[in-house]
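In my numbering, the protein residues as written are 23 to 159.
The beta carbon of each residue, even a glycine, is placed where N, CA and C say it ideally should be.
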Amino acid sequence: MKTVSLTSALALATTLLVAEPALARESVFTGPNGKQASHRVERARGSMNSEWTGPNGRTAGRNVTRDEQGNASATASGPGGRSYTRERSQSDGDVNSTVTNGSGEVVGTRSVDRSESGTTATVTGTDGQQMTRTTTP
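Shown next as structure tokens:
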């Protein structure tokens, strides 16, 4: 009888973990002139969506998704329709990021290589110029 109860409890816990509902929060801000702006954040396992709406009705937002390995994709968009996406991957302590604009053009990269002898971080800009920082333990 205890085995069935334990099995049922494990099945229920697994179902709850997989079907975790999104948590949403919304805030409204009122300025001295009575105009309002709002901010809405929705979080779920592995993702976060955020949106600002200004008193003029224009919006800006950010969407982030993550996997269990720590890799992430974040897209930010502004009221003018411009957007940027950052793809981040990591493996064995090393981290690589690439930023692209709304047209898919790479506007910057960053790599961090960690080892027992130190850490090297390299940033590359749109013009191909690089900046590197090396630290030793």
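Asked                                                                                                                                        : Found
Pick out whichever of GLY130, SER60 and SER72 has its Cα sitting closest to the Cα of ASP149.                                                : GLY130
DSSP three-state call for GLN112: helix, strand or coil?                                                                                     : strand
To the nearest whole angstrom, what separates the beta carbons of ALA59 and THR75, a pair I think is in contact under 8 Å?                   : 6 Å
By Cβ distance below 8 Å, which residues in the same chain neighbour MET23 in space, the five residues on each side in sequence not counted? : Since pLDDT at MET23 reaches only 40, below the 50 mark, its modelled position is unreliable, and the value read off the structure follows with that caveat. Result list for MET23: empty, nothing under 8 Å.
Between SER133 and THR141, how many whole angstroms is the CB-CB distance? I'm expecting something under 8 Å.                                : Actually they do not touch by this definition, with Cβ atoms about 11 Å apart.
Please determine, among THR87, GLY53 and GLU109, the residue with the shortest C-alpha to C-alpha distance to ARG65.                         : THR87
Starting from ASN85, follow its DSSP beta bridges and name the residues at the other end.                                                    : ASN71 and THR97
In terms of residues, what are the limits of the beta strand (DSSP E) holding GLU64?                                                         : 58-66
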